[in-house]
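Chains as they are written, first to last, in my numbering: chain A, 1 to 82; chain B, 1001 to 1792.
Just so it is clear, CB atoms sit at the ideal spot from N, CA and C, and this is done for glycine as well.
Please read these numbers as outputs of a predicted model, since none were measured by experiment.
To keep things clear, I will list the structure first and then write my remarks on it.
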Amino acid sequence: MNEKELEVAAKIKSMVSENLNIPEEELDYEIPLFGDGIGLDSVDSLEIIACIDNEFGVVMTGVPKEHFYNVTSLTKYVVEHM
Amino acid sequence: MNKNINTRCVVTGLGMINAIGNSVDECWNNALIGKEGIDVVKSVNADDCYANLGAEVDCAELDKYEGVDRASKLCLKASDEAFKDAGIDMANEDATRFGVIMGSCVGGVVSIENYVVGGEKTEDIRKMTISPIANHVANRVGAGGVISNVGNACAAGSISVAYACELIRAGVADMFIVGGADAFAAVPFAGFHALHALSEGPCSPFNHSNGITLGEGAGAIVVESYEHAKKRNAKIYCDVLAAGVSSDAHHITAPRPDGIGQMYAIRTAIANSGLKPENIGYVNAHGTGTAKNDEAEFLSLHAIFDDVNDNLSVSSTKAMVGHCLGAAGAIEAVYAIKALTTDIIPPTIGYTDEDLEMLKEKAGKIDFMPNVKKEKKLDYVMSNSFAFGGSNASIIFSKGEGSVAETANDEPIYITGMGIVSPLGNGVSNYIEKVKAGETIEGNSAFAETTKEDYDKYDVKMAFYRKLDKLSLMQVVSGLEALESAGVEISDDKAEDFGMIIGTDDGPLTTVYKFQENISTNGTKSGSAFNFPNTVYNAAGGYLSIKTNMRGVNVTVTNGAQSGMSSLCYAYNEIRQNHAKVMLATGTDENSEVMEKLYKQLGAVADSKAVLYGNTGMAMSDGSTTVVLESAESANARNAKKYAQVCGYGMTHAITEYGEVKGTEKGLEDAIAIALKDAGISASDIDAVYGFGNGETDVDNIEKNVYGKLFDSKMPVHNVKAYVGDSRSAAAALSIATAALTLSGELGNEQKAYFFGDTVTEGKADTASYNYVLATAGSEGGSYCAVVLKKA
């Protein structure tokens, strides 16, 4: 990741941790957010979409789910659409 | 105890207010012409929101109900109409046999907003929760029996009807005003907005299914025993047959895609009414208009009625009046009763010609009543409600007597397990140790805590517990400990035999308050999808059912601190009426910065350490207590340890302003008298009391005056608040647990006690010889509960 991506990733990770009540130590940039990883569900994805819209002004409503796979994929999408 | 389980329940009064009318007649006539009550919302700022519609009530007469939250105003309006319609003359009634049970989802949330944005006025604090609603109605009509509210979100209104009929059938009461109320408010609007569950246009149930439109209103129904109605020569609308109440044990907001929870509720209502699916002529469906709801409901209706009932009509009146949340079940029950008694079915509005083509495919042989009413001879109608937390309720109304199945169970009922979360630590063995050592909380405010150690102990994974607020976490941990201590195992094929009644005073007030604070600061569109599910009162019970797969009856009751004891009475009834094999009864309440601030502003909290019966004010505290109840048959089959037998209970109300207790001695006296009679013993048989005084002078004086009258000055009065502080409902349930631990010998032969002579003295009591003990609980507002326990 470049400097910009690292900055965005750190922000997304802390937002996800804080707003979805996930201990920071359980979360890294690669762990899958949904399914067997952290176990997020559709309600959580709405919270992520709201946070990203609020923080970066990037609208992710209706975006294919592979972009929500982990913090890294969210970061790539956000940086590309900022 | 032999109770009359077969009593016939009838409807004798109706009241209703919603977006299309301020009376039953107006709401009914407008429904028949398909009037849509949905418009651009006025009471909530929907700027920047993708949806801005609502079905709000327009009724200047509500202003006459002063000093109460809008939800209570709506409830009082509908209750006044129902009470008048029933022609009740209280001069001829025994007030202790007349109760009020109201359902609500968000209770006094408009008053939370008023408090947050209106300068934090003290007068708003007592209006914030659900508790006051039934109290206001009781005071207005003069009811002095069981006063309670059901907090099961969007199924609350239906469950209130079911609960009242159970109490009538159990011989506990003759008559109730039941129903539900909710006001249009920012919190649910912002919450459903965050979940993208609001429809941009008017909601379109069983049609476009692209979201709900929120509404507001109230429904009120007078239900009474047939004998009582005949005796007072009342006009009878119809009979109330059986209900089915179940829990999905699946997801906190979404219904089970396989629909088995809904189907169990519907099938139970039909079977326990002595009916078959082909007998049902009309279903007033839940029909919210969300994709998930409508899909699940299509599935369950087709699964139950296809092939056996080619003449079923189904409509959703929500297309006209919006989704009135905790009022929905009550409003829809009134619509169902009107349909039954007039033989006219109201329509589901909103179908275009194109939609009608689409409907053909989805509807099969069921008539979803598109756009226009129809006349149809009806004998049996059903009203269904489904809610957040996976709560399902179905109830049947009938033109004739029906044949409700006899379900009496005369087996003794025992406490066979318990779980405790308190500021002294978690776990029953820890509690025993601390009580024996005489440990108490420090200062005027204490906090329980659940930690990863607790979650690991009961195999609660991070993906699950991270979603829960503190109220739910405490409830899940105490519930899991209780099941483990009882050695109860829940198999999937018997999951409906296991249920729970959650009791709470303030419910998720902390979570709701914070949600409101956030949207008041950042706008309605900033509501959190993550936090919204925790704003409903039955979230704690919902999570516990998901974790345990307990799919039976799951109800949250809320009427002040005594809710943690009245939950036990409700759970006891469920076993008595064979609705469950094993029931959890709980009391859970939370302390937080928010709660501390509110209770301190009310002047209830001690300046430093609280002293019980010492005129200091209370020590604010929190926690969760769960006890396991089961019949002798079930306990013996498992060779379970029996801590104590539950022998009888009484629930009453003395009229006073909500928030007051002064002068309500008669309420406690009545509750004790009824409990003793129920247990078949007299006051002289009681060996000790587990009381509820908390250091507040008015509360303590009630106990002093009543026990002084009923018992001699040597009667030991124990009080768990001496150890854990005033954790409200958690303390009420802990009184039961502590009494049971005492009777079973777990707490040794000696315990701290108070003796109410001319002055209150503290000392020790020899507990070894206790055979019968009485546990009592009271709430702000004058509702009381008393339970008699016996050595097992």
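Just tell me which of the options has its CA closest to the CA of residue i.
| i | options | result |
| --- | --- | --- |
| residue 1406 of chain B | B:1272, B:1236, B:1253, B:1186 | B:1272 |
| residue 1730 of chain B | B:1768, B:1513, B:1507 | B:1507 |
| residue 47 of chain A | A:66, A:65, A:20 | A:20 |
| residue 1574 of chain B | B:1559, B:1552, B:1588, B:1560 | B:1552 |
| residue 1514 of chain B | B:1789, B:1473, B:1486, B:1469 | B:1469 |
| residue 1148 of chain B | B:1159, B:1134, B:1142, B:1139 | B:1134 |
| residue 1262 of chain B | B:1784, B:1286, B:1241 | B:1286 |
| residue 1548 of chain B | B:1490, B:1566, B:1532, B:1014 | B:1490 |
| residue 1546 of chain B | B:1580, B:1249, B:1083 | B:1249 |
| residue 1501 of chain B | B:1258, B:1512, B:1088, B:1544 | B:1544 |
| residue 945 of chain B | B:1160, B:1611, B:1122, B:1152 | Examination of residue 945 of chain B is not possible in this model, given that chain B is present from 1001 through 1792 alone. |
| residue 1241 of chain B | B:1394, B:1109, B:1695, B:1568 | B:1394 |
| residue 1080 of chain B | B:1122, B:1136, B:1123 | B:1136 |
| residue 1576 of chain B | B:1711, B:1175, B:1411, B:1069 | B:1411 |
| residue 1350 of chain B | B:1321, B:1333, B:1529 | B:1321 |
| residue 45 of chain A | A:29, A:70, A:24, A:28 | A:70 |
| residue 1584 of chain B | B:1561, B:1088, B:1556, B:1593 | B:1556 |
| residue 1164 of chain B | B:1641, B:1651, B:1479, B:1280 | B:1651 |
| residue 1185 of chain B | B:1757, B:1535, B:1633, B:1698 | B:1535 |
| residue 1196 of chain B | B:1234, B:1254, B:1144, B:1229 | B:1254 |
| residue 1434 of chain B | B:1070, B:1722, B:1106, B:1188 | B:1722 |
| residue 1474 of chain B | B:1778, B:1088, B:1417, B:1623 | B:1623 |
Going straight from the alpha carbon of residue i to that of residue j, what length do you get?
| i | j | result |
| --- | --- | --- |
| residue 1563 of chain B | residue 1732 of chain B | 8 Å |
| residue 1264 of chain B | residue 1310 of chain B | 21 Å |
| residue 1559 of chain B | residue 1155 of chain B | 17 Å |
| residue 1213 of chain B | residue 1386 of chain B | 16 Å |
| residue 1029 of chain B | residue 1724 of chain B | 55 Å |
| residue 1057 of chain B | residue 1718 of chain B | 49 Å |
| residue 1748 of chain B | residue 1647 of chain B | 23 Å |
| residue 1481 of chain B | residue 1588 of chain B | 14 Å |
| residue 1336 of chain B | residue 1166 of chain B | 20 Å |
| residue 1002 of chain B | residue 1657 of chain B | Model confidence at residue 1002 of chain B stands at a pLDDT of 42, short of 50, so the residue's coordinates are unreliable and nothing is read from them. |
| residue 1367 of chain B | residue 1314 of chain B | 6 Å |
| residue 1444 of chain B | residue 59 of chain A | 48 Å |
| residue 1247 of chain B | residue 1607 of chain B | 43 Å |
| residue 1787 of chain B | residue 1176 of chain B | 22 Å |
| residue 1112 of chain B | residue 1120 of chain B | 9 Å |
| residue 1206 of chain B | residue 1359 of chain B | 8 Å |
| residue 1244 of chain B | residue 1269 of chain B | 4 Å |
| residue 1291 of chain B | residue 1609 of chain B | 54 Å |
| residue 1720 of chain B | residue 1738 of chain B | 8 Å |
| residue 1440 of chain B | residue 1221 of chain B | 46 Å |
Against residue i, what residues of chain B qualify as contacts under a CB-to-CB distance less than 9 Å, listed in chain order?
| i | result |
| --- | --- |
| residue 39 of chain A | 1461, 1462, 1463, 1464, 1466 |
Taking Cβ-Cβ distances shorter than 7 Å, what residues in chain A pair up with residue i?
| i | result |
| --- | --- |
| residue 1194 of chain B | 46, 50 |
Which chain A residues are close to residue i, counting only those with a beta carbon under 9 Å from its beta carbon?
| i | result |
| --- | --- |
| residue 1811 of chain B | Nothing can be reported for residue 1811 of chain B, as the shown portion of chain B is limited to 1001 through 1792. |
Taking C-beta pairs closer than 8 Å, name the residues in chain B that residue i reaches, listed in chain order.
| i | result |
| --- | --- |
| residue 21 of chain A | 1466, 1467, 1530 |
Since residue i meets chain B, which of its residues come closer than 7 Å, beta carbon to beta carbon?
| i | result |
| --- | --- |
| residue 26 of chain A | 1462 |
Original post:
Which residues, taken in chain order from the region 1249-1281 of chain B, show a beta carbon closer than 9 Å to some beta carbon of chain A?
Top reply: 1251, 1252, 1253, 1254
Original post:
Which runs of the beta strand (DSSP E) spanning at least 3 residues fall entirely within the region 1361-1413 of chain B, listed in chain order?
Top reply: 1380-1387, 1391-1398
Subject >> Unbroken stretches of the beta strand (DSSP E), 3 residues or longer, contained in the region 1263-1307 of chain B >> reply: 1282-1284
**OP:** Identify each residue in the region 1752-1769 of chain B for which the Cβ-Cβ distance to at least one residue of chain A is less than 8 Å, and report them in chain order.
**Re:** none
**OP:** Starting from the N-terminal side, write out each stretch of the alpha helix (DSSP H) that is 4 residues or longer and does not extend beyond the region 1512-1596 of chain B.
**Re:** 1539-1548, 1563-1576
Subject >> Length at least 3, wholly inside the region 1077-1157 of chain B: the beta strand (DSSP E) runs in chain order >> reply: 1098-1103, 1147-1150
**OP:** Run through the region 1668-1755 of chain B for me and flag every whole alpha helix (DSSP H) of 4 or more residues, listed as ranges in chain order.
**Re:** 1697-1710, 1721-1724, 1729-1743
Subject >> Completely contained alpha helix (DSSP H) runs for the region 1006-1088 of chain B, where each covers 4 or more residues >> reply: 1024-1032, 1070-1086
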